[in-house]
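As structure tokens, the structure follows; a few thoughts come after it.
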Amino acid sequence: MATATSSYTCQFLTHFGSPRPHPIIFSPISKQTHFQPYRIIANGSLRNNYYSPTPTISSNSPLLVKAQASINGETEPMVPPYNVLITGSSKGIGYALAKKFLIAGDNVIICSRSAERVESAVNNLREEYGEQRVWGTQCDVREAESVKNLVLFAQKNLGYIDIW
């Protein structure tokens with residue numbers, strides 16, 4: 001059985017004046033691949049959030065992909081309180097996550113397909129953690145227009161999202 005190996009090189013570029021570098025992977029058999037961060041425009045300025053770590057192929061097995069994050073240069077650290085958006089968060093694990101972020105002092109937007117569940121969950125969380133730290137809206141993430149409205153809601157209430 002023959003085994004194939006590949007070598008990849010990686011460069012980090014900074015786009016749009018952001019201090020966060022973006023990895024660009026060069027493969028010997030394909031064109032360069034960009035891994036872009038999630039971007040949201042808030043108050044006229046571009047903010048970058050988390051981005052995927054640089055994937056590399058393991059030398060032991062060409063099919064095993066390892067994630068390796070290394071950044072050459074300085075990055076802009078995120079500073080609490082974080083602005084957090086949690087989908088499917090009117091009950092269950094999403095609701096528990098919302099509570100944990102609120103306990104930590106973060107600002108949270110919750111959403112769900114059911115407007116009634118969102119309203120009930122927001123009221124419960126506001127009673128426990130305060131009016132100014134939790135917002136909610138109906139959103140079906142299967143529908144593009146609904147997700148666009150969610151982004152607009154987040155921009156209106158928080159300006160930007162640190163964690164989605």
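Numbered according to UniProt numbering, the sequence shown spans residues 1 to 164. Glycine included, every Cβ here is placed at the ideal spot set by N, Cα and C. The model shown is predicted, which means the values in this text are computed figures rather than measured ones.
CB contact flag (G92, I110, <8 Å): no
Three-state class that DSSP yields for G136 in the structure shown: strand
Residue range of the unbroken alpha helix (DSSP H) whose run includes S146: 144-158
Same chain only: Cβ atoms within 6 Å of R113, ignoring 5 sequence neighbours per side: D140
Residue range of the unbroken alpha helix (DSSP H) whose run includes I93: 92-103
Inter-residue Cα distance where the pair is W164 and V108: 10 Å
Beta-carbon gap between Y129 and L152 smaller than 8 Å: no
S89 - DSSP class collapsed to helix/strand/coil: coil
Residue range of the beta strand (DSSP E) that includes residue 196: This structure cannot settle anything about residue 196, because the visible part of the chain is limited to 1 through 164.
Counted within 10 angstroms of its Cβ, other Cβ atoms place A121 as buried (16 or more) or exposed: buried
Local conformation of V84 per DSSP, three classes: strand
Among S89, Y95, P80, the one whose alpha carbon lies nearest that of A104: P80
Residues near V134 by beta carbon distance below 8 Å, same chain, minus five either side: A98, L102, N107, V108, I109, I110, V122, L125, R126
Distance, M78 Cα to V118 Cα: 28 Å
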